[in-house]
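The structure appears below as structure tokens.
Protein chains: 2
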Amino acid sequence: MMLAPAIKRHFSEGVLVEEKMNGHNVRVASVKGKTIALTRGGFICPYSTEVANDQIPPELFKNHPDLVLCGEMVGPKNPYVPKEVYPAESMDFYLFDVSRKGKRDMEGTSKTHAFAEEYGMRSVHLFGEFGLEEAAGEIKEIIKDLGSRGREGVVIKDPANLKSPIKYTSSESNCRDLEFAFRYYNDYGQDFFFSRVVREGFQAAEWSEAEAEFEERCLQLGKSMLGPMRETVEAKIAGDLIVQEVEIKVKDLQTATDFEEHFRRMGVRAIFDSPQACPGGHLVKIKRLVMSTNDKTESVIEGQLW
Amino acid sequence: MMLAPAIKRHFSEGVLVEEKMNGHNVRVASVKGKTIALTRGGFICPYSTEVANDQIPPELFKNHPDLVLCGEMVGPKNPYVPKEVYPAESMDFYLFDVSRKGKRDMEGTSKTHAFAEEYGMRSVHLFGEFGLEEAAGEIKEIIKDLGSRGREGVVIKDPANLKSPIKYTSSESNCRDLEFAFRYYNDYGQDFFFSRVVREGFQAAEWSEAEAEFEERCLQLGKSMLGPMRETVEAKIAGDLIVQEVEIKVKDLQTATDFEEHFRRMGVRAIFDSPQACPGGHLVKIKRLVMSTNDKTESVIEGQLW
Chain P
2 MMLAPAIKRH FSEGVLVEEK MNGHNVRVAS VKGKTIALTR GGFICPYSTE
52 VANDQIPPEL FKNHPDLVLC GEMVGPKNPY VPKEVYPAES MDFYLFDVSR
102 KGKRDMEGTS KTHAFAEEYG MRSVHLFGEF GLEEAAGEIK EIIKDLGSRG
152 REGVVIKDPA NLKSPIKYTS SESNCRDLEF AFRYYNDYGQ DFFFSRVVRE
202 GFQAAEWSEA EAEFEERCLQ LGKSMLGPMR ETVEAKIAGD LIVQEVEIKV
252 KDLQTATDFE EHFRRMGVRA IFDSPQACPG GHLVKIKRLV MSTNDKTESV
302 IEGQLW
Chain D
2 MMLAPAIKRH FSEGVLVEEK MNGHNVRVAS VKGKTIALTR GGFICPYSTE
52 VANDQIPPEL FKNHPDLVLC GEMVGPKNPY VPKEVYPAES MDFYLFDVSR
102 KGKRDMEGTS KTHAFAEEYG MRSVHLFGEF GLEEAAGEIK EIIKDLGSRG
152 REGVVIKDPA NLKSPIKYTS SESNCRDLEF AFRYYNDYGQ DFFFSRVVRE
202 GFQAAEWSEA EAEFEERCLQ LGKSMLGPMR ETVEAKIAGD LIVQEVEIKV
252 KDLQTATDFE EHFRRMGVRA IFDSPQACPG GHLVKIKRLV MSTNDKTESV
302 IEGQLW
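Chains P and D, in that order, give the protein sequences.
If you want the working numbering, it's the 1-based position in the first sequence plus 1.
If you want the working numbering, it's the 1-based position in the second sequence plus 1.
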């Protein structure tokens, strides 16, 4: 929430600053000779698994069968968190930590980047190492630059890997999260909204910005909530079904079928279009049903009270 | 949430539009010959009771011992919801409905205003009666005017008193509520924030306002959240205790003592200053402790994570 005091309280020997990417978190491991990608709830995601098999060289798990790769899947064809801001055509895997099967500890930043380099994998960008006094100021500049490029924020790590990492996000990322969530305002938890507004409040206070800058922050915050919500209401008035449109790009058609089953098992209601052939594979458009927002908006425009 | 469809769905014979005032709701009745004022949880509020005794003529309950007056206490010396926008020096009682002891039904708008007139009491302003087709447009104008004067909104009632009333608030009132709540951001429920933002979203959509007007709404919404929150963080950084300052003006010193006991019984933690003599009575400044916001802000500026 507040960079300078949190860094001084939490770390003792300086910090490493890495980019926090905005996608979905996966753990990739080799099980019975097969590379699989698990999403947060411990589900095997067939689509993430295809991407992992495509982007992680098989010799890595041959050499290190007990390795667990922790990374972020990002890109415009991410069905969980679609983001156009990354240099990906579909979805890419970025390594941010490594662990071993049966262990809770991570192996730390230097081993992670060494692995990535050795096996030619993408890893999250490391901005550098900073002393405790200078870190907050440096991170503020990094965050402003990341924000202006549509990126999410940073993860601040202990160089000796003895403290848990902390995360810090850009105002632009908070607003984009809100923009996405307010489009489906009744399908997101209220703490999702509240926590992002509170982050903005602390950031504005810590950075003691000039009045014009503060007004711009307020305007962007307000727009990120009311803009998409207004569009949802207008769409419903026009008779549209409110859905969340995402897409995946698979190499193997079976992956699309398995992914549809995976969504069903996760309890996600979605309509899958027929796959369209495209260079390098097949594109599948998916409409996730956001029934609560759809039904609530419909009832309000029909004159029901909240 | 949306005026036009809600009015058409909810009412059948036109509507009466009254001002919704922003204070606290009380029910006033005579019990064993004494006039008492009850707040929402059914507590007797000694301060509201003093105001009721002062402003409601005793012959009203002599003539109608079973009457229950439903009204709003408003003004700058309201310790629950202090508002400077009403023409009150301390706190005034405005009648908005009447009922009878042991009955659930209200007696309706015309009897209410007749009672108020007969006994010389204040009652909420009645804007008039409107047909179902014209009502939404008329109310929009009323709401915009009320909002520009810092007032809260309207209550829309069935002239024949057969349907339950519905409420509609101005954007300025939503923002002022948020402004108040974000000053004590960790002591308010998240649904308080969310419901007000959602109201703004529906109002923006229903009134299909021009882009400049919409941007102004977004800016005001953003400022109403981040402005007071920034001030709270800055005050805490400056070492201040975060408290909510209110005051009451009592005629009788005993009322202040009783009110202090009433707050304690309600579970409100507050510090009462010594009463100061003032024209017409005694002024008592009260600091309500908002411990959750105070402690959370303190921990964050000391570098704790959320």
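Even glycine gets a Cβ: it sits at the ideal position worked out from N, Cα and C.
Computed from a prediction, not measured in an experiment: that's the story for all the values here.
{"Asked": "For the alpha helix (DSSP H) holding D/N295, just list the boundary residues, first then last.", "Found": "292 to 302"}
{"Asked": "Whole angstroms are fine: how far does the CA of D/Y169 sit from the CA of P/L227?", "Found": "18 Å"}
{"Asked": "Counting only beta-carbon separations shorter than 8 Å, does P/G202 have a partner in chain D?", "Found": "yes"}
{"Asked": "Determine the extent of the beta strand (DSSP E) in which P/A271 is found, giving its start and end residues.", "Found": "271 to 273"}
{"Asked": "Please say whether D/G42 and P/H11 have beta carbons closer to each other than 8 Å?", "Found": "no"}
{"Asked": "Would you report the Cα separation of D/L147 and D/P88, rounded to the nearest angstrom?", "Found": "14 Å"}
{"Asked": "Contact defined as beta carbons within less than 8 Å: I believe P/N295 pairs with P/L242. What is the distance between those atoms, to the nearest angstrom?", "Found": "6 Å"}
{"Asked": "Who pairs with D/E246 in a beta bridge, going by DSSP?", "Found": "D/K288"}
{"Asked": "For D/I249, collect the residues of the same chain with a Cβ closer than 6 Å to its Cβ; drop the 5 residues on either side in sequence, then sort them by chain order.", "Found": "Y48, K78, P80, V285"}
{"Asked": "By Cβ distance below 8 Å, which residues in the same chain neighbour P/R123 in space, the five residues on each side in sequence not counted?", "Found": "Q56, D93, F94, Y95, L96, A117"}
{"Asked": "By Cβ distance below 6 Å, which residues in the same chain neighbour D/G24 in space, the five residues on each side in sequence not counted?", "Found": "E73, M74, V75, N79, V82"}
{"Asked": "Report yes or no: is there a C-beta of chain D within less than 8 Å of the C-beta of P/P166?", "Found": "no"}
{"Asked": "Taking 8 Å as the CB-CB cut-off, is P/G121 touching chain D?", "Found": "no"}
{"Asked": "What is the rounded straight-line gap between the Cα of P/K158 and the Cα of P/K112?", "Found": "13 Å"}
{"Asked": "Going by C-alpha distance, which of D/N54, D/G132, D/P166 is nearest D/D98?", "Found": "D/P166"}
{"Asked": "When the Cα of D/H126 is compared with those of D/G282, D/E20, D/K252, which residue comes out closest?", "Found": "D/E20"}
{"Asked": "Any idea what DSSP makes of D/S100, helix, strand or coil?", "Found": "strand"}
{"Asked": "State the Cα-Cα distance for the pair P/T40 and P/V52, rounded to the nearest angstrom.", "Found": "13 Å"}
{"Asked": "So P/F194 packs on D/F131, CB below 8 Å; how close in whole Å?", "Found": "P/F194 to D/F131, Cβ: 35 Å. No contact."}
{"Asked": "In chain P, which residues lie less than 7 Å from D/F195 when you measure between Cβ atoms?", "Found": "Q191, F194"}
{"Asked": "Cα separation between D/L290 and D/R184?", "Found": "13 Å"}
{"Asked": "Where P/A38 and P/A211 are concerned, what is the direct C-alpha to C-alpha distance, given to the nearest angstrom?", "Found": "46 Å"}
{"Asked": "Can you tell me the Cα-Cα spacing of P/N26 and P/L61, whole angstroms?", "Found": "20 Å"}
{"Asked": "Look up P/A5 in the DSSP assignment and give the residues it is bridged to.", "Found": "Answer is none; P/A5 lacks a bridge partner."}
{"Asked": "So the candidates are D/S172, D/E153, D/K35; which of them puts its Cα closest to the Cα of D/K224?", "Found": "D/S172"}
{"Asked": "Applying the 10 Å Cβ sphere with the 16-neighbour rule, what's the burial state of P/E119?", "Found": "exposed"}
{"Asked": "Thinking just about the alpha-carbon of each residue, which of P/D253, P/L70, P/M292, P/Q277 is nearest to the one in P/G268?", "Found": "P/M292"}
{"Asked": "Determine whether the Cβ of P/C279 lies closer than 8 Å to any Cβ atom of chain D.", "Found": "no"}
{"Asked": "Going by C-alpha to C-alpha distance, which of P/G281, P/P280, P/I272, P/A278 sits closest to P/K288?", "Found": "P/I272"}
{"Asked": "Between P/P6 and chain D, is any beta-carbon pair separated by less than 8 Å?", "Found": "yes"}
{"Asked": "Leaving aside the five residues before and after D/V301 along the sequence, list all residues of the same chain whose C-beta is less than 6 Å from its C-beta, in chain order.", "Found": "none"}
{"Asked": "Among P/S31, P/G34, P/L4, P/V29, whose alpha-carbon lies nearest the alpha-carbon of P/G138?", "Found": "P/L4"}
{"Asked": "Measuring only the C-alpha atoms, how far is D/M22 from D/I140?", "Found": "15 Å"}
{"Asked": "So P/N162 packs on P/M107, CB below 8 Å; how close in whole Å?", "Found": "7 Å"}
{"Asked": "Within a Cβ cutoff of 7 Å, which residues of the same chain sit near D/D253, ignoring the five residues on either side of it in sequence?", "Found": "E51"}
{"Asked": "Quick one: Cα of D/R150 to Cα of D/V86, how far?", "Found": "8 Å"}
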